[in-house]
Structures are given as structure tokens and as C-alpha cells.
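The structure under discussion appears below in the form of C-alpha cells.
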Amino acid sequence: MSFHTLNIFPGAAIRLARLFAVLALAGGLACMAKAQGTGYVADVFYVPLHSGKSTKHRIVHRGIKTGTQLTVLEADADAGFTKVRTKGGTEGWIQNQYLSTTPIARIQLAAERAKRRELQQRLNAISSENKSVSEANNDARKQLQSLSKQNQSLSSELASIKKISSNAVNLDISNRELLQKNEMLKVSIAELQAENSRLSDKSNKDWFMRGALAVAIGALLAVILPRFKPKSRNSEWA
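Below, the structure is given as C-alpha cells:
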């Protein structure tokens, strides 16, 4: 069992076209006197389905449209007919010249159009996705630029903090050195004060000794000098 698509080959199409032309001629003649224009031959035909393997058998379906998908049940190459079943379940025989293993151009064109629409939709989706990705890329680039600026600002701030810290360390070292010098000066001042006090005590003692020595010398002179004083004549005469 297989599926076939109903198709009209050129020879059969010509015969059917002639038949439709004859049928339309009667109605068309009255209209032709009233209007003239451009007309086209339709590529849509309706093929009858017979109960047997000839056109003389009873018609079980009068209007199978070209391009209709049928299920092949049995084929008779000698009779030129194939037994088929429609999707509605109707079974009958159809002439082999109306069967084709490939879809007709109209169906292929419709399939191509549908495929084209699908591809266009996919292209639109890809374009939309590409646009979204591009927008996301732009946002990411802007965020990167913002982060870069923040990084530069933080780097400058860090350098300033390091400079301040370095100055603070230098100030601390200088302060310690000054404190050490201050302590050394205090020690020197204390030593000088002690030396000054010692010298003052020594000076006082020297002055005291000199004063005492002067007093002693004065007392000694007061005792000695009168003895060396010459005696008066009056005392000799007495």
C-alpha cells in the first residue's frame, strides 16, 4: 500500500480542457458579445472514480481534485486503471494517466511557499535574536565602560590613600625621631643641670673656703703685725 498524488498529464489535460471548453462554450458565447478581456486556463481538474477498470463502469466519485492524495490498493497496467481509496474511505478505480508519484506543481509551489514562509519566520526570529544579542552586547559594553571608569576612580582613590598612608608613616617616623631627640635633650639637660649644680656647690665651697681663709689670714695678721710695730721713745725713757 502506498500513497500517490493525483496529477494530470499533458494528453489528458488537453482532452479535459477540450471537454470543459465545449461545456463552457454555450454559456460563454452569450457573455462574449457583452464583454471582452483576458482569460486563463485553470490547472485544476476533477477526475471521476469508477467502480471498475473502465470508463464504462459506474462512477462512484465524480470530483477528485487534482493534487488529492490517494491510497493505492491495486494496480492493473493492462487495463490502465488503479484501485485507490480516498481519505474519506471511498474506493474505486482511476485511470493510471491521472496518477503521479510526485505532487503537482501547484502543491509543490504551495509547499515551497510554506517552506519559504517558515524560512522567513526563522530568519525574522534569527534577526530578532541577533538584534537582542546586539542590544545585550551594547549594554555589556556600556557596563564595561562604566566599570572601567569606576576602576580608574578607585585606582586614583587607592593611590591617594597610599600617598596619605605613606605621609602618615613618614610623619610617624619623624615623630618618633623627634621624641627620641627630645628624650636625649632631656637627658642632656638633666646632665647639664647636675653639672651646674655640682659646679655651683663647688663654687660656693670655694668662696666659703676663700672667705674663711681670708678671715684666718686677717686674724693672723692682726696678731702678728702688732709685734712688728716699733716701740715708742717714751717707753724707752721710762
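When we follow this note's numbering, the leftmost residue of the sequence shown carries the number -5, and every step to the right adds one.
Cβ atoms here follow ideal geometry from the backbone N, Cα and C, with glycine treated the same way.
- Contact annotation, W87 with H44: C-beta distance approximately 5 Å; criterion of less than 8 Å satisfied.
- For the 7 Å CB-CB criterion, I58 and V41 form a contact.
- Ranked by Cα distance from F39, the first of T62, G46, H51 is T62.
- When beta bridges are read from the DSSP output, F75 appears opposite D70, Q89.
- Put simply, the backbone Cα of K81 is about 16 Å away from that of L93.
- Contact check for A71 against K47 fails: the beta carbons are separated by 7 Å or more.
- Per DSSP, reduced to three states, the secondary structure at V41 is strand.
- The DSSP-derived three-state label of K59 is strand.
- DSSP lists no bridge partner for I120.
- In this structure, the straight-line span from the alpha carbon of E85 to that of A105 is close to 27 Å.
- Residues of the same chain with a CB within less than 6 Å of the CB of N90, apart from the 5 flanking positions on each side, are G74, T76 in chain order.
- Secondary structure of S48 (DSSP, three-state): coil.
- Beta-carbon to beta-carbon, V78 and T65 are separated by about 6 Å, close enough to satisfy the 8 Å threshold.
- Note: I158 is not bridge-paired with any residue in the DSSP secondary-structure output.
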